[in-house]
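Numbering follows our numbering, with no gaps: position 26 of the sequence shown is 583.
Some notes on the structure that comes next.
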Amino acid sequence: MKFNLAVIPGDGIGPEVLDGALQAIRAVEEKFSHQIVLAEAEAGGAAIDKTGEPLPRETIRACKNADSVMLGAVGGWQWDHLPGDQRPERALLGLRSELGLYANLRPAALHKALADACPLRPELVPNGIDIMVVRELTGGLYFGDRGRKQTDMGEAAWDTELYSVEEVRRIAVMAFSIAQKRQKRVTNIDKANVLESSRLWRETVLAAAREYPDVMLDHLYVDNAAMQLIRDPGRFDVIVTTNMFGDILSDEASQITGSIGMLPSASLGGSGFGLYEPIHGSAPDIAGQNLANPIASILSAAMMFRYSFHLEEEAAAIESAVTKALEAGYRTADIRGAGAAPTGTKEMSGIIARNILAG
Ligand code: IPM
Ligand code: MG
C-alpha cells in the first residue's frame, strides 16, 4: 500500500523522538513492502521563528493533503513571553480543530519489563494497568467563549465550558466502540454534581450507551476519578471525558505507568485520518543531548498503522519490537533503574527499528 504522511518535527526533543518513529516506519515499510511518502511541515516555535506564526496555512494544507500526520512536540521557553494566541501551543489547538480531530486516544499501559518504574505499591496493581483515555479534543473549555472585563472587584477573566449533544454523542460512540474491542467497560468522568454542561454530557453518554448493551458503563465525578486512578487503577478499562478533564487525567494515568516518555496518542476525526504524537511535551531542558525517550513517538507510529491504515500486523510489529528492546534491558534515562547505564535516543531508536526488521 502507498501512504502520504505529513511530518511535523516541531521544537525541543520533537525532532529527535520523531526521528525514532520515522526509523520504525521505514522498517515497517521495508518489512511489509509498503510505500510511505513523507512531506515535512512546520509548526510551533520552529514555525514562529521562520514565518512569524505558530501554524502557517501551508502546514494545514500539507496535513489535509496527507493520509495522516506525525508530530514531535511543540513549545519552549524562547516563546513563553508571547501572547496566548501566538504561542507554539496554538499550533496544536489549531491543528486539532482545523483537521476536525475530536477524539484523543491516550493509552496508558504498564509494560511488564517496567513494573519497577510504577510509583504505586505492587499490591495496588496486582493485575497491571491497561487504561485507554478517550478525551474530547475540539470542544469544551479549550474552545469556548472567553474574555476579560472590568468588574467592581477589578479586572476579571472568563472561559466557557460548552458542549452540544452531538459533540458528546460522537466521543461517547468512539469510547464504546473502542471498549468493544477491549474489556467492554467504559467509565464516564464528569462533574455532573455541579456543572450543567456535565449534566448534559452525562445524559448524552447514557443515551448513547443504549446502542452498546454489551458494554458496561459507570460514572465517576472527576475528583473521585483522580483518586481512584492512584488507589485502584485496575478498575479502569476505557475512560471517556471532556477536553479539560482528559488533559489532566491523562497526565496522571501516564505517570502511574512509570514515565510520560512511554505514552503515545492518536487524535482522530470521523474518517480514519489522524494526528499521532507522544503525549509528552518538547522538554527543552534535555533537547539535543540524545537523552530523550523515543518510545512514546515510536508507539504513536504503531497507533497510526492501527487506527488510520487498519494494518494491525504492522502496528503489532512495532509494539513487540519495543517490548523486545525493554525486555533485553535497554533503558533511556527516564526509565532506567539506579546504576544501569542509559541507552541514548539514537541507540534506542536503532535497536527498535532493527527489532522490527528481525521480528
Ligand atoms: C496535551 C497538552 C496540550 C493540551 C497543550 C500543550 C496545549 O497538554 O496535549 O495534553 O492541553 O491539550
Ligand atoms: Mg496535557
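Ideal Cβ positions, reconstructed from N, Cα and C, are used throughout, including at glycine.
A quick note: this is a predicted structure, and the numbers were derived from the prediction, not measured.
Measuring alpha carbon to alpha carbon, tell me which of the options ends up nearest residue i.
i	options	result
LEU694	LYS559, TYR659, GLY916 and ALA898	TYR659
HIS776	ILE796, GLU760 and ASN745	ASN745
ALA764	ARG726, VAL751, VAL795 and SER755	ARG726
PRO676	ILE875, HIS591 and ARG788	ARG788
PRO943	PRO790, LEU649 and GLN643	Since the first residue of the chain shown is 558 and the last is 916, residue 943 is not available in this structure.
LEU719	GLU869, GLY571 and ARG703	ARG703
LYS669	LEU883, TYR864, ALA600 and ALA910	LEU883
SER654	GLN812, ARG863 and ASN800	ASN800
GLY696	GLU768, PRO851, GLY657 and ALA872	GLY657
GLY886	LEU671, VAL779, ARG647 and GLY609	LEU671
ASP771	THR889, ALA736 and SER754	ALA736
ALA766	ASP780, ALA619, ASN781 and SER734	SER734
TYR778	ASP804, ASN750 and ILE796	ASN750
GLU586	LEU757, GLU871 and ARG647	GLU871
VAL743	ARG618, ARG792 and GLY569	ARG792
LEU557	TYR769, ARG618, ALA578 and ALA729	The shown model of the chain, from 558 to 916, leaves out residue 557, and the question about it has no answer.
LEU825	ALA732, LEU698 and VAL682	ALA732
GLY701	ASP687, SER721 and GLY629	SER721
TYR699	ARG911, ARG647 and TYR769	ARG647
LEU662	GLN740, ALA873 and TYR864	TYR864
In three-state DSSP terms, what is residue i?
i	result
THR744	strand
ASP917	For the chain, the structure presents residues 558 to 916; residue 917 sits outside this window and is missing.
LEU681	helix
VAL751	coil
THR814	coil
ARG911	helix
GLY826	coil
ASP576	helix
SER625	strand
LEU786	helix
GLY569	coil
PHE560	strand
GLY632	coil
ALA858	helix
LEU658	coil
GLY696	coil
THR761	helix
THR798	strand
What is the C-beta distance between residue i and residue j, in whole angstroms, given that I count them as a contact (C-beta under 8 Å)?
i	j	result
ALA603	ALA563	Actually they are not in contact, since the Cβ atoms of ALA603 and ALA563 sit about 14 Å apart, beyond 8 Å.
MET689	PRO664	5 Å
SER625	MET861	5 Å
SER854	VAL574	4 Å
TRP636	ARG644	6 Å
Whole angstroms is fine: what's the gap from residue i's alpha carbon to residue j's?
i	j	result
PHE560	LEU752	44 Å
LEU816	ASP709	In the sequence on display, residue 816 carries Ser and not Leu. Each residue's Cα considered, the two are about 46 Å apart.
ILE584	ALA858	Ile is not the amino acid found at residue 584; the sequence shown has Ala there. Their Cα atoms are separated by approximately 11 Å.
LEU652	GLN785	32 Å
ALA666	SER822	12 Å
PHE866	GLY829	7 Å
PRO790	ARG692	17 Å
GLU869	LYS738	13 Å
GLN707	MET819	45 Å
VAL762	LEU806	19 Å
GLY685	ALA674	12 Å
GLU904	PRO851	10 Å
LEU848	GLY901	5 Å
LEU612	LEU639	14 Å
GLN592	ILE582	10 Å
GLU615	GLU723	30 Å
THR876	GLY711	Rather than Thr, the amino acid found at residue 876 in this sequence is Glu. GLU876 and GLY711: Cα-Cα distance of roughly 54 Å.
ASP780	LEU832	29 Å
ASP804	TRP715	19 Å
GLY916	ASP642	46 Å
ILE796	ASP576	31 Å
PHE589	THR880	20 Å
THR814	ARG893	14 Å
ARG705	THR717	12 Å
THR889	PHE802	30 Å
ILE836	ALA578	14 Å
LYS607	ALA713	35 Å
Terminal residues of the continuous beta strand (DSSP E) containing residue i?
i	result
LEU848	Unbroken run through LEU848: none, as it is neither H nor E.
ILE836	Taken as a continuous stretch (DSSP letters only), ILE836 belongs to no beta strand (DSSP E), as it is neither H nor E.
LYS669	Per DSSP, LYS669 belongs to no beta strand (DSSP E) and is neither H nor E.
VAL690	687-693
GLU712	711-716
THR889	No beta strand (DSSP E) holds THR889; DSSP gives it neither H nor E.
LEU595	592-597
ARG792	That residue, ARG792, is in no beta strand (DSSP E); it is neither H nor E in DSSP.
GLY704	703-708
Along the chain, where does the alpha helix (DSSP H) containing residue i start, and where does it finish?
i	result
PHE733	722-737
VAL879	869-884
GLY651	646-655
ALA604	602-608
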